[in-house]
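Taken in order, the sequence shown gives residues 871 to 1480; the numbers are from this note's numbering. Below is one structure, written out as structure tokens; the observations come after it.
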Amino acid sequence: MAKQKTFSRVLTYVKPYWDSILLNLVFNLMTIFFSLFSFALVGPFLTLLFKEGAVEVVAKPEFSFTSDYLMGYLNWFMSSLIADGGKYHALVFMCLLLLVAFFFRNLGRFFACFFMANVRVGAVHDLRRDVYNKILILPLSFYHSRQKGDTIARITTDVQEVEVSILNYLEMLIKDPLTILFFFLFMITLSPKLTLFVILVLPVAGLLIGKVGKMLKKESKEGQTKLAGIISTVEETISGLRIIKAFNAIRYSEDKFEEQNSDYTKVLRGIHRKRDMSSPMSEFLSSAVVILVLWFGGKLILGGGNHIDAGSFISYIVVFSQIITPAKSFSQGYYNVQKGVASAERIFEILDAEEVITEKENALSIKDFKDSIEYKDVHFSYGKDEVLKGINLKILKGKFIALVGESGGGKSTMADLLPRFYEVGSGCVSIDGHDIREYKIGDLRDLMGVVSQETILFNDTVFNNIAFGMENVSKEKVIEAAKIANAHEFIMELEHGYDTRIGDRGMNLSGGQRQRLSIARAVLKNPPILILDEATSSLDTESERLVQDALSKVMSQRTSIVIAHRLSTIQYADEIVVLQKGQIIERGKHDDLIALGGVYKKLTDLQSIG
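Structure below.
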């Protein structure tokens, strides 16, 4: 049931392309019609062509929607041709007629595939878009226990597998049942007794093939999981190559990758063996069925009676042989669907993940910050570990608030709750008297500029990194923001200035240069609330001084929340809040906290700040 539900859910991505599906159906019917016409022509033509002596003109039958009428009409038509112009004339004419029939048959096949391509490509586009959009929406906590490579695998290899295994199968799902249906109807009218025998024999082959398909699905899902592990390892290797080399861990990394690679290869080998088994197995079973039909049909002809004549039997065998191909592709497609369903299940795990951070219906709009930010008895946990314990803090507009304390004390978590990167466990965070959960998420985040401890840049130009997320930004504005962040000078020294691509994660730049671009991006956004999480941690002493001067000018007109380990950067804060084990233990101005002689005094002494 779950498998059928997954398959049905994949098909919902096909619905928007119903017009292309309809055209595919029309051209498939055209293909079937010309196939039946050409195959039905073979038996009577061969019978009359090789008949000894003069050919008797058969009476023209009365019109009806039956194969008897079709066969009777073809007999009349060919006997007339031979009687009028001789067998050679009839041979040439029938060959040309077959050529025309096969041309239109294959023309129909081409256009059927042409329109099905719209469905396949469009459905995959929509599926990949939905997964990517969901990745953007899901809270940061969703990724705490997941490898990046696994998520990348789901939006790349898994989506690709759905296209190859399921959406490719749509063509068979539409065409093959129709082909089998119409061909069977034709065969029934030719010989009901022989067709009943076929119907009894064919399902046995289908049952044998189905058993292998069940095993394939289980191994396919395991294979996709192991491939995701390989992608994660490669991604981590590239990101951490400096550390791998520095700690002489190349052999260790090789061994780890080889173990994963071998496990994946072992699973993949089993998948291929089972899938490859389908072709020879179905080939043998289909051959066995044809031989049984030949035996049973021959028995009917040799036994006499009006069951079927020789010419009709030839047409019957030709048409039946054409059923074998769609029946085989249908059964082989079943294997592919099992593999595709396994990938689809992994994709839907992402799409079905709970959106912990959701926007309320009829959420309030907020375009400006007017009064204050307030944390009211805020508690927050990562799993079982409580990180914040009853935080109460009010931050007035225009104030410079510094959060300091030991690592793991909850400083970054406290700042991350404000733009709703995480949701509070209990209590609330409010802006201008309203719980931030009442506001539209986009409006809330528009109020804030964030410079994180980990510099996040993209493999794009300097200009696009600074103007990230903003539209129609002039170069003058970008340059102005870069100057404030003391980045303009080094940018102009780059090969193409603001149009220089900075590489993956900005690896073509130094740590200080990357951080200054990140600060320029926040400055350009010009938000009323500025969150700086270790914003100067990657800068050398000179760069830190330059940026600190620039930030002082920017922060003087904004509400600033600064997380700092270097206490020299926050001595002039309006209020310093000291966090320890998720609780506020001290708060006040620099001089007052020094005089207090508590935790803050010890931190300053450790950093030799007087």
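The C-beta atom is built at its ideal place from N, Cα and C for all residues, glycine as well.
Straight-line Cα distance separating residue j from residue i
{"i": "G1467", "j": "L997", "result": "59 Å"}
{"i": "L1387", "j": "N1335", "result": "8 Å"}
{"i": "G1110", "j": "V1104", "result": "10 Å"}
{"i": "P1398", "j": "V1320", "result": "11 Å"}
{"i": "V1343", "j": "A1337", "result": "7 Å"}
{"i": "I1184", "j": "I1194", "result": "16 Å"}
{"i": "R1371", "j": "N1329", "result": "7 Å"}
{"i": "A1355", "j": "L1421", "result": "7 Å"}
{"i": "D1419", "j": "K1353", "result": "12 Å"}
{"i": "Y958", "j": "S905", "result": "24 Å"}
{"i": "A1390", "j": "N1378", "result": "17 Å"}
{"i": "F985", "j": "N898", "result": "11 Å"}
{"i": "G956", "j": "I1050", "result": "36 Å"}
{"i": "S890", "j": "P1196", "result": "22 Å"}
{"i": "I1261", "j": "T1325", "result": "28 Å"}
{"i": "L961", "j": "F1054", "result": "28 Å"}
{"i": "G1168", "j": "V1068", "result": "14 Å"}
{"i": "E1124", "j": "D1133", "result": "14 Å"}
{"i": "M1425", "j": "R1415", "result": "15 Å"}
{"i": "F909", "j": "L1170", "result": "21 Å"}
{"i": "Y1013", "j": "F973", "result": "55 Å"}
Pick from the options that is closest to residue i, judged by C-alpha positions
{"i": "D1020", "options": "I1005, F1054, C965 and T1228", "result": "I1005"}
{"i": "T901", "options": "K1045, L1162 and E1363", "result": "K1045"}
{"i": "E1041", "options": "I1108, E1341, V1160 and F981", "result": "F981"}
{"i": "I1431", "options": "T1095, F907 and D1286", "result": "D1286"}
{"i": "Y1002", "options": "D1028, D1461 and Q1208", "result": "D1028"}
{"i": "W946", "options": "A960, H959, P931 and G956", "result": "P931"}
{"i": "T1107", "options": "T1095, L1097, A1098 and I1120", "result": "I1120"}
{"i": "E1483", "options": "T1228, F1250, N1232 and L1263", "result": "Outside the displayed span of the chain (871 to 1480) sits residue 1483, for which this structure offers no information."}
{"i": "G1458", "options": "S878, I1265 and I1069", "result": "I1265"}
{"i": "R827", "options": "E1308, F1218, V962 and P1047", "result": "Here the chain comprises residues numbered 871 to 1480, so residue 827 is not present and cannot be evaluated."}
{"i": "D1146", "options": "I1326, N1206 and F1166", "result": "N1206"}
{"i": "R990", "options": "C965, K1018, I1025 and Q1030", "result": "Q1030"}
{"i": "L1221", "options": "L1048, R979, F909 and D1000", "result": "D1000"}
{"i": "V943", "options": "L911, C965 and L968", "result": "Val is not the amino acid found at residue 943; the sequence shown has Tyr there. Closest option to Y943, Cα to Cα, is L911."}
{"i": "A1023", "options": "F973, L1070 and G1093", "result": "G1093"}
{"i": "G1278", "options": "F1154, K1246, R1384 and G1452", "result": "G1452"}
{"i": "S1242", "options": "S1191, E1225, L1317 and E1224", "result": "L1317"}
{"i": "A987", "options": "F903, A929 and L892", "result": "L892"}
{"i": "H1460", "options": "A1272, I952 and S1191", "result": "A1272"}
Beta-carbon contacts of residue i that lie in its chain and below 7 Å, excluding the five residues immediately before and after
{"i": "A1392", "result": "G1319, V1320, V1321 and L1400"}
{"i": "L895", "result": "I1044"}
{"i": "G1275", "result": "K1281, V1448, L1449 and Q1450"}
{"i": "L1437", "result": "V1274, L1473, T1474, Q1477 and I1479"}
{"i": "L876", "result": "Sequence check: residue 876 is Thr here, not Leu. Taken in chain order, the residues that qualify are V1211, A1214, E1215 and F1218."}
{"i": "H841", "result": "The requested residue 841 is not part of the displayed model; the chain covers only 871 to 1480."}
{"i": "T1361", "result": "Note on identity: in this sequence residue 1361 is Ile, with Thr being the wrong assignment. Closer than 7 Å at the Cβ level, and outside the excluded window around I1361, lie V1332, A1352, G1367 and Y1368."}
{"i": "R979", "result": "T901"}
Sequence-distant residues of the same chain with beta carbon closer than 8 Å to residue i, five excluded per side
{"i": "D1369", "result": "T1331, V1332 and F1333"}
{"i": "G923", "result": "Annotation note: pLDDT 48 at G923 (below 50); position unreliable, coordinate value reported separately. So the list is empty, once near-sequence residues are dropped."}
{"i": "D1462", "result": "none"}
{"i": "R1290", "result": "I1227, I1306, R1307, I1311, L1314 and R1315"}
First and last residue of the uninterrupted beta strand (DSSP E) at residue i
{"i": "G1458", "result": "Q1453 to G1458"}
{"i": "N1262", "result": "D1255 to L1266"}
{"i": "V1321", "result": "M1318 to V1321"}
{"i": "I1446", "result": "E1445 to Q1450"}
{"i": "F1250", "result": "S1242 to Y1252"}
Endpoints, the alpha helix (DSSP H) within which residue i is located
{"i": "M1284", "result": "K1281 to L1287"}
{"i": "G1019", "result": "K1018 to A1023"}
{"i": "A1392", "result": "G1381 to K1395"}
{"i": "Y1470", "result": "V1469 to L1476"}
{"i": "Q1030", "result": "V1029 to V1032"}
{"i": "F1052", "result": "Y1039 to L1060"}
{"i": "F1360", "result": "H1358 to M1362"}
{"i": "V884", "result": "First-last for V884: undefined, no H or E at that position."}
Contacting residues, own chain, Cβ-Cβ under 6 Å from residue i (five flanking each side not counted)
{"i": "S1296", "result": "H1249"}
{"i": "G1099", "result": "Q1130"}
{"i": "K1018", "result": "E1105"}
{"i": "K1471", "result": "I1464"}
{"i": "V1188", "result": "F909 and V912"}
C-beta neighbour in chain B for residue i, strict 8 Å
{"i": "P1398", "result": "Structure shown: chain B not included; a single protein chain is present."}
- Okay, do the stretch 1300-1319 and the stretch 1333-1350 touch, 3+ Cβ pairs below 8 Å being the bar? no
| request: Kindly confirm or deny that the stretch 1153-1163 and the stretch 1023-1037 touch, where touching means at least three C-beta pairs closer than 8 Å. | output: no
ask   = Can at least three beta-carbon pairs, one atom from the stretch 1252-1261 and one from the stretch 1228-1237, be found at a separation below 8 Å?
value = no
Looking at C-beta atoms only, is the number of pairs between the stretch 878-890 and the stretch 944-962 that lie closer than 8 Å three or more?
no
Note to self: Does the stretch 1131-1142 come into contact with the stretch 1055-1073, if we say contact requires no fewer than three beta-carbon pairs (one atom in each stretch) closer than 8 Å?
What the structure shows: no
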